[in-house]
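*Asks:*
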DNA sequence: GGCGCATGTATCGTCGTGATACATCGCGCC
DNA sequence: GGCGCGATGTATCACGACGATACATGCGCC
């Protein structure tokens, strides 16, 4: 999840850890920004895996080991890996945060994958809604007033999210009405200025 | 946070860990139920602190060590501790989960503390709203369409939550219009069938 | 001249999660 | 008659994120 977001951002341009975190915050909604406590370990892991490089600006040979600014840059392998991540759905894509991260890079995501993600997320939220709904109608009467209020508010929110997702899905479908043909190669519906390159489209085995 | 919720539930009646988790889930909203991985360690911690007891049903002296059903029960000290927790606000009371937990036990919470919690939570959510709002008006135009959509939906939700909290606050105030007198002892406004006993009302030092 | 604030890198203890393991019991179903 | 399956029930562990903290630099502003 963090891997995905970091690669996505570094694919746009090289960055410092600090700026990365700010961009992450802007992307995922100000609150819900990862802390450095997870960001730096992630960067190191990504560097070890070869997806990114870490340009440490030649340490001035002074007496104290300076803590230099480090610029992180995506590698060719990293782009390849990102393209794979963008093309698959993965189980995290439907929870709150994972969905947010996927949505943030929808412009680089194949149109059919976009639909899969939106529909999966909607299914997930509908389950929440139904669970909440039946819990309320079962126990609603003998629930504490405040607890009931909380659950009703939660039900409302979740209900609105389902409607929002439905709108997104519909607009996604109307902009891409070729649901019919089911042609052999579902090719990338992506803008030409995209940085990533897509692997071959693959059928489910 | 978990401590608080567990003590609150055990204050109503003794329970197994399993049932505790179910009640927790019902209370906090089905999703957002703590896993056993945090529940059992918490129970052990609470038992060590003396807030609860752990009734292990005398192991049948058979060859294999049976894993018996354990009934957890709140102690007198636990009730005292719970009353303290209920009377103070604490910094977790304003985040999503902490607030939910506090709300779930509002019936056992002093009316003035209720107001503090509601208002603190509202302030928190207003900050989120304003941050989101200004981020959107600053960068809204050059934002990805999907990202903007996500942030606008988030802003909507947060906005509605503020309004919801305002309603709760107003109804809280109207049911307790003695905001005026500022009499020496802010006494418990609590139903007589409550299990907890309140410590002396204390003025801020 | 110094104060505070944004920039910038980094670590650590704490805590919750999600997966997993294991065990018992009642129920339906063939 | 026995078989499986889902609910009940207790428990652990690796992993990952958080929040606090530390430290350093450069910049503007009064």
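Chains as they are written, first to last, in this note's numbering: chain D, 103 to 307; chain X, 103 to 307.
Backbone N, C-alpha and C fix where the C-beta goes; we use that ideal spot for every residue, glycine too.
If you're wondering where the values come from, they're calculated on a predicted model, not measured in any experiment.
(1) Answer yes or no: do residue 252 of chain D and residue 131 of chain X have a C-beta to C-beta separation smaller than 9 Å?
(2) Find the residues of chain X that neighbour residue 266 of chain D, judging by a C-beta separation of less than 7 Å, and give them in chain order.
(3) Alpha carbon to alpha carbon, how far is residue 267 of chain X from residue 141 of chain D? Give it in angstroms, no decimals.
(4) Taking the alpha carbon of residue 193 of chain X as the point to measure from, which residue in X:225, X:133, X:152 has its own alpha carbon closest?
(5) Tell me whether residue 191 of chain X is buried or exposed, calling it buried when 16 or more other Cβ atoms sit within 10 Å of its Cβ.
(6) So which residues on chain D does residue 121 of chain X lean against when the C-beta distance must stay under 8 Å?
(7) Relative to the alpha-carbon of residue 189 of chain X, which residue among X:271, X:110, X:177 has its alpha-carbon at the smallest distance?
(8) Give the straight-line distance between the Cα atoms of residue 179 of chain D and residue 143 of chain X, rounded to the nearest whole angstrom.
(9) Determine, for residue 184 of chain X, whether the minimum Cβ-Cβ distance to residues of chain D falls below 9 Å.
(10) Which residues in chain X sit within 9 Å of residue 213 of chain D, going by Cβ to Cβ distance?
(11) Count the other CB atoms within 10 Å of the CB of residue 138 of chain D; is the residue buried (16 or more) or exposed (fewer)?
(12) Output needed in chain order: residues of the stretch 191 to 210 of chain X with a Cβ under 7 Å from some Cβ in chain D.
(13) Taking DSSP's pairing of strands, which residues face residue 271 of chain X in a bridge?
(14) Give a yes or no on whether the C-beta atoms belonging to residue 246 of chain D and residue 206 of chain X are separated by under 9 Å.
(15) Skipping 5 residues on each side, what residues in its chain have a beta carbon closer than 7 Å to that of residue 106 of chain X?
(16) Nearest to residue 133 of chain X by CA position, among D:228, D:126, D:114, D:181, is which residue?
(17) Any beta-carbon of chain D closer than 9 Å to the one on residue 270 of chain X?
(18) Using a Cβ-Cβ cut-off of 7 Å (strictly less than) and excluding sequence neighbours within five positions of residue 260 of chain D, which residues of its own chain qualify?
(19) Whose C-alpha, out of D:151, D:176, D:172, is nearest the C-alpha of residue 114 of chain D?
(20) Note down the Cα distance separating residue 209 of chain X from residue 254 of chain X, rounded to an integer number of angstroms.
(21) Whose Cβ in chain X lies nearer than 9 Å to the Cβ of residue 259 of chain D?
(22) Could you please give me the residues that DSSP links to residue 118 of chain D through a beta bridge?
(23) Go through the stretch 187 to 255 of chain D residue by residue and report every complete run of the beta strand (DSSP E) that reaches 3 residues or more, in order.
(24) What three-state label does DSSP hand residue 277 of chain D in the structure shown?
(25) Compare the C-beta of residue 230 of chain X with all C-beta atoms of chain D and state if any pair is closer than 9 Å.
(26) Just the C-alpha distance for residue 171 of chain D and residue 244 of chain X, rounded to the nearest angstrom, thanks.
(27) Buried or exposed: which applies to residue 275 of chain D, given that a residue is buried once 16 or more other Cβ atoms fall within 10 Å of its Cβ?
(28) So the alpha helix (DSSP H) residue 149 of chain X belongs to, where does it begin and stop?
(29) Opposite residue 157 of chain X in the DSSP bridges: which residues?
(30) Return yes when the Cβ of residue 174 of chain X is within less than 9 Å of the Cβ of residue 112 of chain X, no when it is not.
(31) How would you list, in chain order, the residues of chain D whose beta-carbon sits under 7 Å from the beta-carbon of residue 114 of chain X?
(32) Tell whether a beta-carbon distance below 9 Å holds between residue 146 of chain D and residue 156 of chain D.
*Replies:* Taking the geometry as given:
(1) Working through the first chain from its first residue, we reach residue 252 of chain D at position 150. Working through the second chain from its first residue, we reach residue 131 of chain X at position 29. Yes, these two residues count as a Cβ contact at 9 Å.
(2) For the purposes of this step, residue 266 of chain D is identified with residue 164 of the first chain, where counting begins at 1. Within 7 Å Cβ-Cβ: 255.
(3) Start at 1 with the first residue of the first chain, and residue 141 of chain D comes out as number 39. Start at 1 with the first residue of the second chain, and residue 267 of chain X comes out as number 165. Taking the straight line from one Cα to the other gives about 34 Å.
(4) Here the question's residue 193 of chain X lines up with position 91 in the second chain. In terms of Cα proximity to residue 193 of chain X, the closest of X:225, X:133, X:152 is X:225.
(5) Locating residue 191 of chain X in the second chain gives position 89, where the first residue counts as 1. Its Cβ having fewer than 16 others within 10 Å, residue 191 of chain X is exposed.
(6) As a first step, residue 121 of chain X must be located in the second chain, where it is residue number 19. Those do not exist, as residue 121 of chain X stays about 15 Å from chain D at its closest Cβ, beyond 8 Å.
(7) Taking the first residue of the second chain as 1, we reach residue 189 of chain X at position 87. Residue X:110 is the option with its Cα nearest to residue 189 of chain X.
(8) Position 77 of the first chain, counting from 1, holds the residue named residue 179 of chain D. Position 41 of the second chain, counting from 1, holds the residue named residue 143 of chain X. Near 42 Å, if we compare the C-alpha coordinates of residue 143 of chain X and residue 179 of chain D.
(9) Along the second chain, read from residue 1 onward, the residue named residue 184 of chain X stands at position 82. For residue 184 of chain X, no Cβ of chain D is located within less than 9 Å of the residue's own Cβ.
(10) Taking the first residue of the first chain as 1, we reach residue 213 of chain D at position 111. Neighbours of residue 213 of chain D on chain X: none; closest Cβ ~12 Å, over 9 Å.
(11) Translated into positions along the first chain, residue 138 of chain D becomes position 36. Under this definition residue 138 of chain D is an exposed residue.
(12) Under the 7 Å Cβ criterion, the stretch 191 to 210 of chain X contributes 202, 205, 206, 208, 209.
(13) As a working mapping, residue 271 of chain X is identified with position 169 in the second chain. Beta-bridge pairing links residue 271 of chain X to no other residue.
(14) To locate residue 246 of chain D, count along the first chain from 1; it is residue 144. To locate residue 206 of chain X, count along the second chain from 1; it is residue 104. Yes, Cβ-Cβ distance for residue 246 of chain D and residue 206 of chain X is below 9 Å.
(15) One-based indexing of the second chain puts residue 106 of chain X at position 4. Within the same chain, and ignoring the five residues on either side of residue 106 of chain X in sequence, the residues whose Cβ sits closer than 7 Å to its Cβ are 187, 203.
(16) As a working note, residue 133 of chain X is residue 31 in the second chain. Ranking D:228, D:126, D:114, D:181 by CA distance to the CA of residue 133 of chain X puts D:228 first.
(17) Here residue 270 of chain X is taken as the residue at index 168 of the second chain, counted from 1. Cβ-Cβ to chain D under 9 Å: yes for residue 270 of chain X.
(18) Position 158 of the first chain, counted from the first residue, corresponds to residue 260 of chain D. Contacts found: 227, 230, 231, 234.
(19) Counting from one through the first chain, the residue named residue 114 of chain D turns up at place 12. Residue D:176 is the option with its Cα nearest to residue 114 of chain D.
(20) Position 107 of the second chain, counting from 1, holds the residue named residue 209 of chain X. Position 152 of the second chain, counting from 1, holds the residue named residue 254 of chain X. In a straight line, the C-alpha of residue 209 of chain X is about 35 Å away from that of residue 254 of chain X.
(21) In the first chain, residue 259 of chain D corresponds to position 157, counting from 1. Chain X residues near residue 259 of chain D: 259, 262, 263.
(22) As a working note, residue 118 of chain D is residue 16 in the first chain. Per DSSP, D:173.
(23) You should have found no qualifying run.
(24) Residue numbering aside, residue 277 of chain D sits at position 175 when the first chain is read from its first letter. Three-state result, residue 277 of chain D: coil.
(25) Taking the second chain and counting its residues from 1, the one referred to as residue 230 of chain X is at position 128. It does; some Cβ of chain D falls within 9 Å.
(26) Indexing the first chain from 1 puts residue 171 of chain D at position 69. Indexing the second chain from 1 puts residue 244 of chain X at position 142. The straight-line gap from Cα to Cα measures roughly 28 Å.
(27) Taking the first residue of the first chain as position 1, residue 275 of chain D is located at position 173. Counting the other CB atoms within 10 Å of its CB gives residue 275 of chain D a total below 16, which places it among the exposed residues.
(28) By one-based count along the second chain, residue 149 of chain X stands at place 47. Per DSSP, the continuous alpha helix (DSSP H) segment holding residue 149 of chain X begins and ends at 138 to 151.
(29) If you number the second chain from 1, residue 157 of chain X lands on position 55. The partner list for residue 157 of chain X (beta bridge, DSSP) reads X:173.
(30) Position 10 of the second chain, counted from the start, is the residue given in the question as residue 112 of chain X. Position 72 of the second chain, counted from the start, is the residue given in the question as residue 174 of chain X. In contact: residue 112 of chain X and residue 174 of chain X (Cβ atoms closer than 9 Å).
(31) Taking the second chain and counting its residues from 1, the one referred to as residue 114 of chain X is at position 12. Under a criterion of Cβ atoms nearer than 7 Å, no residue of chain D is adjacent to residue 114 of chain X; the nearest Cβ is some 11 Å distant.
(32) Reading the first chain from its first residue, position 44 is the one you call residue 146 of chain D. Reading the first chain from its first residue, position 54 is the one you call residue 156 of chain D. Cβ distance < 9 Å, so residue 146 of chain D and residue 156 of chain D count as in contact.
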